[in-house]
Amino acid sequence: MLKITEEKDANDDEKKITFVNAGMMALRAPLVFDLLAGLQNNTKTGEKYLTDCIEAARQSGHNVVTIKAEQTEVLGVNDRADLAQAEAVMQDQLRKAAMTAGATLIAPETVFLHHDAVIEPDVIIEPHVVIGQAVHIGEGSEIKSFSHLEGVKTGPCCVIGPYARLRPGTNLGEGVKIGNFVETKNITMGDLSKANHLTYLGDSTIGSKSNIGAGTITCNYDGFNKHRTTIGDGAFIGSNSALVAPVSIGDRALVGAGSTITRDVEDDALVIVRGETKTLSGGATRLRQKYQKTKV
Numbered sequence: 016m017l018k019i020t021e022e023k024d025a026n027d028d029e030k031k032i033t034f035v036n037a038g039m040m041a042l043r044a045p046l047v048f049d050l051l052a053g054l055q056n057n058t059k060t061g062e063k064y065l066t067d068c069i070e071a072a073r074q075s076g077h078n079v080v081t082i083k084a085e086q087t088e089v090l091g092v093n094d095r096a097d098l099a100q101a102e103a104v105m106q107d108q109l110r111k112a113a114m115t116a117g118a119t120l121i122a123p124e125t126v127f128l129h130h131d132a133v134i135e136p137d138v139i140i141e142p143h144v145v146i147g148q149a150v151h152i153g154e155g156s157e158i159k160s161f162s163h164l165e166g167v168k169t170g171p172c173c174v175i176g177p178y179a180r181l182r183p184g185t186n187l188g189e190g191v192k193i194g195n196f197v198e199t200k201n202i203t204m205g206d207l208s209k210a211n212h213l214t215y216l217g218d219s220t221i222g223s224k225s226n227i228g229a230g231t232i233t234c235n236y237d238g239f240n241k242h243r244t245t246i247g248d249g250a251f252i253g254s255n256s257a258l259v260a261p262v263s264i265g266d267r268a269l270v271g272a273g274s275t276i277t278r279d280v281e282d283d284a285l286v287i288v289r290g291e292t293k294t295l296s297g298g299a300t301r302l303r304q305k306y307q308k309t310k311v
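Note that my numbering has the sequence shown beginning at 16, numbered continuously upward.
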């Protein structure tokens with residue numbers, strides 16, 4: 016290389032050269048200070064160009080070495096549009112690396128991966144999935160569409176989603192199933208346990224082979240502090256249950272649907288907490304008539 020010429024200062028012949036400067040230079044000290052001191056201001060702009068150090072070094076008898084790089088490796092980012100372009104390049108590389116390592120991405124262009132994601136072989140990722148920071152997906156697992164994971168570690172053969180939201184601190188054993196519209200945070204879930212739909216599990220330890228019914232909520236926050244829920248092995252939590260932490264559900268215990276649990280449940284117990292059912296015959300008709308008279 017003889018010199019670097021700014022495009023706005025280049026002549027027609029120089030503009031035909033396709034080998035261009037990507038903006039990165041390595042200059043030896045203290046030589047660089049001598050070179051900079053000798054640079055002249057550009058006659059058009061009045062500025063000193065750092066790139067003029069190349070010509071000055073050659074004229075002083077020093078060697079100049081160039082390294083050819085892929086264009087995608089040296090993209091310049093000057094604005095948000097450039098940043099999006101660079102992100103697209105990075106995502107393409109991450110997707111290819113995941114597939115080369117044995118993962119299946121059904122629609123790769125719709126999957127977004129953090130650079131530190133670990134995806135083991137034979138994982139299947141369906142379209143429109145986001146894998147955020149600090150995620151490790153175990154071998155043979157399946158991540159279904161529209162799921163978002165961050166700070167998650169799964170064992171092998173887990174099934175996640177669709178529409179699942181797994182937040183930091185989620186640790187899943189082998190064969191765990193997290194279904195649609197389930198959110199987890201700071202939980203440990205044992206092998207073969209499942210929460211198939213419409214559930215929030217936070218600050219919880221759940222044993223193996225437990226079933227968490229639809230609409231279950233671990234009420235972990237009292238407005239001041241977080242509290243923990245413990246659910247034993249083989250427990251069954253009926254639909255629409257509220258587990259008010261701190262609370263413990265024993266091994267093989269069964270919680271009836273619609274229960275609000277505020278006290279510990281022992282092993283093998285059946286617990287049902289429901290309000291008394293009261294039926295007033297014809298009450299609906301009388302109530303409608305009453306409010307119809309006052310309706311504006």
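We treat Cβ as the ideally placed atom computed from N, Cα and C, and that holds for glycine. As the structure is a computational prediction, the values presented were derived from the model and not from experiment.
With H, G and I counted as helix, E and B as strand and the rest as coil, what does DSSP make of residue i?
i: valine 144; result: coil
i: methionine 16; result: coil
i: methionine 40; result: coil
i: phenylalanine 48; result: helix
i: alanine 284; result: coil
i: leucine 258; result: strand
i: leucine 269; result: strand
i: threonine 58; result: coil
i: lysine 308; result: helix
i: lysine 293; result: coil
i: leucine 120; result: strand
i: leucine 65; result: coil
Can residue i and residue j be called in contact, C-beta distance under 8 Å?
i: cysteine 173; j: serine 160; result: no
i: aspartate 218; j: asparagine 201; result: yes
i: glycine 222; j: isoleucine 246; result: yes
i: leucine 269; j: cysteine 234; result: no
i: leucine 181; j: leucine 164; result: yes
i: valine 286; j: valine 280; result: yes
i: valine 92; j: alanine 118; result: no
i: lysine 30; j: glutamate 22; result: yes
i: histidine 129; j: valine 104; result: no
i: isoleucine 276; j: serine 254; result: no
i: threonine 220; j: threonine 203; result: yes
i: leucine 50; j: alanine 25; result: no
i: leucine 195; j: alanine 179; result: One point to set straight first is that residue 195 is asparagine, not leucine, in the sequence displayed. In contact: asparagine 195 and alanine 179 (Cβ atoms closer than 8 Å).
i: threonine 66; j: asparagine 36; result: yes
Going by beta carbon distance, what residues of the same chain come within less than 8 Å of residue i, once the five residues before and after it are set aside?
i: phenylalanine 127; result: Gln106, Val144, Val145, Ile146
i: aspartate 248; result: Gly205, Gly222, Ser223, Lys224, Ser225, Asp266, Arg267
i: proline 171; result: Glu135, Gly153, Glu154, Gly155, Ser156, Glu189, Gly190
i: methionine 39; result: Val89
i: methionine 114; result: Leu120, Pro123
i: valine 47; result: Cys68
Mind checking who residue i pairs with in its DSSP beta bridge?
i: valine 35; result: According to DSSP, which records beta bridges pairwise, valine 35 is partnered with nothing at all.
i: leucine 109; result: Note: leucine 109 sits in no beta bridge, so no partner.
i: methionine 174; result: Just to set this straight, residue 174 is valine in the shown sequence, not methionine. Answer is Glu157, Lys192.
i: glutamate 198; result: Arg180, Tyr215
i: histidine 163; result: Val145, Arg180
i: histidine 130; result: Looking at the DSSP assignment, histidine 130 forms no beta bridge with any residue, so it has no partner.
i: histidine 151; result: Val133, Lys168
i: serine 263; result: Thr245
i: methionine 204; result: Leu187, Ile221
i: threonine 275; result: Ala257
i: isoleucine 139; result: Thr119, Glu157
Going along the chain, which residues of its own chain have a beta-carbon closer than 6 Å to the beta-carbon of residue i, five neighbours each way excluded?
i: serine 263; result: Thr245, Asp279
i: threonine 321; result: An answer regarding residue 321 cannot be provided, because it is not within the stretch 16 to 311 covered by the chain.
i: glutamine 148; result: His129, Glu165
Ranges of the beta strand (DSSP E) found wholly within the stretch 210-251, counting only runs of at least 3: 232-234, 244-246
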